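One structure below.
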Amino acid sequence: MTLFQIPGMLVDGEWLPTGEKGTAEVTAPYDGSVVARVPASGTRDVERAVSAARQALERDDFPRVDRIRVLEQTAAALNDRREHFARAIAYESAKPMKTARGEATRAVETFAFAAAEARRLAGEVVPMDATPAGAGKVGFTLRVPVGVVAAISPFNFPLNLVAHKVAPALAAGCPVVLKPASQTPVSALLLAELLDGLGVPRGWLNVITGSGSTVGDALVTHDDVAYVTFTGSAEVGWSLAAKAPRKKVRLELGSNSPLIIEADGDWARAAEKVPVAGFSHAGQSCISTQRVYVHEDVADDFTEALVGRVEALTLGDPMDEKTDVSSLISEEDTTRVAEWIDEAVSAGAKVLCGGAVTADGVLRPTVVEGAPATVRLQREEIFGPVVTLTRYEAFDEALSMANDSRYGLQAGVFTSDLGKALQAARALRFGGVLINEVPTARLDQQPYGGVRDSGNTREGPAYAIQEMTEIRLVSLEP
Ligand code: NAP
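No gaps in the numbering here: position 255 of the sequence shown is 624 in our numbering, and each next residue is one more.
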């Protein structure tokens, strides 16, 4: 008996209980309980799903007015079932219930924004007669769907990051083939059941479950896939882009987000926010607050306040209402992060709290001070419950340390000086610069994405829909 009963994977409007490779168990990272049994697909399943999506595109049988209705009703139905979805998220990803509820609420908003954008998506008038050659011509543009969208999603936001792909694709009029992360397919399949029940015509939403390394290539390189939206690690993401150079391969990847706390900034507010921003879902967020640069003048006060709050976090079972931090997605990740902490300590860093693993396998929230810029805790994406503290004297120095990264998703700065805020906005080479906010803050309607190794696109329904449609010029001459 599994915790969730899943009818299978959705291909061409049919629920298939098994894939080419049979079925696979989804187990809870915290205690190994069996969450669900899902199909394990292979390349023939990819072929069927893409073919179903291509035929849906050709049939063109999901008009905009129906797509808007489905998106709006999905938002409402998700809202009614937030608790059910939060439980699925918590079981399959070990995201504590209080955080999982937040994700479910955000997915409601993502669908609502996509529906609103679907209502207003329009081309524009082109002033053809502004040159002599255009005299007498009338020109306008249409926004046409780019074609079949392949969506590949990661484990850490198993519902809302699926929503950020499926909702804009449907709004744009693109059929989708979704492959959720193998560790966390349950939320995605429950969402697909909901959309299917609301009348999405067959072929417009296909969900295949299976290992990325088995089905990923077949999906991304398929001739009938026009657009790939991938969220996950930089290594996999950039390798997919290299395999499909003629396609639009849009990447949302990792980061090691910096936060600067100036002496004139509200360090006490920062100390309240970092325990959530650095340790929520045990640091497994692409914009988890990781590298904190704090001005010498406020460093002692800030550090004391931060460490006190981090030590007070409640660890344990994600299903327990009190839990703030639970286990990482796998034991290998726990071992990896512990090794990175040891490496920093060997290089001279000091562990101010945490560092050890509890009896039930949870890595204690860890604050490390004085890690050299060369160690992995500073250079790589930790994706674990660790925040590094580095003291500085000059604002320019902090800006340059924050920029010293191959990643560039979001950065945060606490300052009460408008001049410094604007200086930071110009100097920090990131997809987003957040003033008096941690870099971990994301609103679902904002343009969200990174530069450098962090990716090459912006999500948020309005922006994703632009990416998933193409401009077609229409020129009329009487
Ligand atoms: P991952 O290992 O890269 O996996 C992401 C997805 O890619 C999964 O569905 C995975 O399938 C699939 N995949 C793996 N190998 C593949 C291949 N060769 N071809 C095609 N697909 C393949 O990442 P993750 O561990 O799930 O997620 C963590 C990463 O995502 C972190 O780096 C994090 O920063 C990033 N992230 C970025 C954002 C953002 O918006 N920028 C948001 C959230 C997370 P399997 O599960 O079957 O392996």
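Don't be surprised by glycine CBs; every beta carbon is placed ideally from N, CA and C.
Please read these numbers as outputs of a predicted model, since none were measured by experiment.
Is there at least one non-hydrogen atom of ligand 1 closer than 6 Å to the beta-carbon of residue i?
i, result
"Ser-582", "yes"
"Asn-772", "no"
"Ala-550", "yes"
"Ile-437", "no"
"Ser-785", "no"
"Ile-521", "yes"
"Asn-805", "no"
"Glu-621", "yes"
"Ser-855", "Any answer about residue 855 is impossible in this case: the structure gives the chain only from 370 up to 847."
"Gly-585", "yes"
"Asn-575", "no"
"Val-594", "no"
"Thr-703", "no"
"Phe-524", "yes"
"Cys-655", "yes"
"Val-605", "yes"
Measure the C-alpha to C-alpha separation of residue i and residue j and round it to an integer number of angstroms.
i, j, result
"Ala-793", "Gly-471", "30 Å"
"Arg-798", "Met-497", "38 Å"
"Gly-800", "Val-820", "6 Å"
"Gly-581", "Leu-845", "47 Å"
"Ser-769", "Ala-550", "35 Å"
"Pro-376", "Pro-523", "22 Å"
"Arg-450", "Leu-559", "11 Å"
"Val-419", "Gly-579", "15 Å"
"Thr-704", "Gly-753", "10 Å"
"Lys-719", "Ala-725", "14 Å"
"Arg-475", "Gly-505", "49 Å"
"Ala-491", "Gln-835", "10 Å"
"Asp-565", "Phe-431", "13 Å"
"Ala-540", "Asp-813", "15 Å"
"Ser-715", "Ala-707", "12 Å"
"Glu-394", "Asp-693", "27 Å"
"Ala-469", "Pro-398", "15 Å"
Residue i: buried (16+ other C-beta within 10 angstroms of its C-beta) or exposed?
i, result
"Ile-840", "exposed"
"Arg-423", "buried"
"Glu-461", "buried"
"Val-494", "exposed"
"Glu-389", "buried"
"Gly-568", "exposed"
Considering only the alpha carbon of each residue, which of the options lies closest to residue i?
i, options, result
"Val-667", "Ala-639, Tyr-596 and Lys-467", "Ala-639"
"Thr-757", "Ala-532, Asp-765, Leu-746 and Leu-682", "Leu-746"
"Glu-452", "Ala-421, Glu-749 and Ser-556", "Ser-556"
"Glu-416", "Tyr-832, Trp-636 and Val-380", "Val-380"
"Thr-809", "Ala-651, Arg-678, Val-515 and Lys-617", "Ala-651"
"Gly-829", "Pro-734, Asn-529 and Val-643", "Asn-529"
"Leu-851", "Asn-825, Met-837, Val-395 and Leu-547", "Beyond the ends of the chain as shown, which are 370 and 847, falls residue 851; an answer cannot be given."
"Asp-786", "Ala-771, Ala-393 and Asn-805", "Asn-805"
"Glu-750", "Glu-394, Ala-473 and Thr-658", "Thr-658"
"Gly-401", "Thr-784, Thr-759 and Asp-686", "Asp-686"
"Gly-717", "Val-782, Leu-447 and Thr-743", "Thr-743"
"Gly-601", "Val-755, Val-395, Lys-534 and Thr-387", "Lys-534"
"Ile-630", "Val-594, Lys-612 and Leu-675", "Leu-675"
"Val-755", "Leu-447, Arg-488, Ala-767 and Asp-711", "Asp-711"
To which residues of the same chain is residue i closer than 6 Å at the C-beta, ignoring the five residues directly before and after it?
i, result
"Leu-842", "Thr-510"
"Pro-603", "The amino acid at residue 603 is misidentified as Pro; the sequence shows Ala. Counting only Cβ-Cβ distances below 6 Å, and skipping sequence neighbours, we find Leu-622, Gly-623 and Asp-822."
"Arg-709", "A small correction: the amino acid at residue 709 is Trp; Arg does not occupy that position in the sequence shown. Arg-745 and Leu-746, listed in sequence order."
"Ala-833", "Pro-537"
"Arg-733", "Gly-723 and Ala-725"
"Glu-738", "Lys-719, Leu-721 and Leu-758"
Leaving out five residues before and five after residue i in sequence, what residues of the same chain have Cβ atoms less than 8 Å from its Cβ?
i, result
"Gly-777", "Ser-624, Arg-798, Phe-799, Gly-800, Gly-819, Val-820, Arg-821, Asp-822 and Ser-823"
"Thr-396", "Ser-402, Val-403 and Val-404"
"Lys-616", "Val-589, Val-594, Ala-595, Tyr-596 and Val-597"
By Cβ distance below 7 Å, which residues in the same chain neighbour residue i in space, the five residues on each side in sequence not counted?
i, result
"Glu-680", "Cys-722"
"Gly-391", "Ala-409"
"Asn-525", "Ser-462, His-650, Gln-653 and Ser-654"
"Thr-727", "Leu-684 and Arg-733"
"Leu-764", "A quick correction: the sequence has Phe, not Leu, at residue 764. Taken in chain order, the residues that qualify are Glu-631 and Lys-789."
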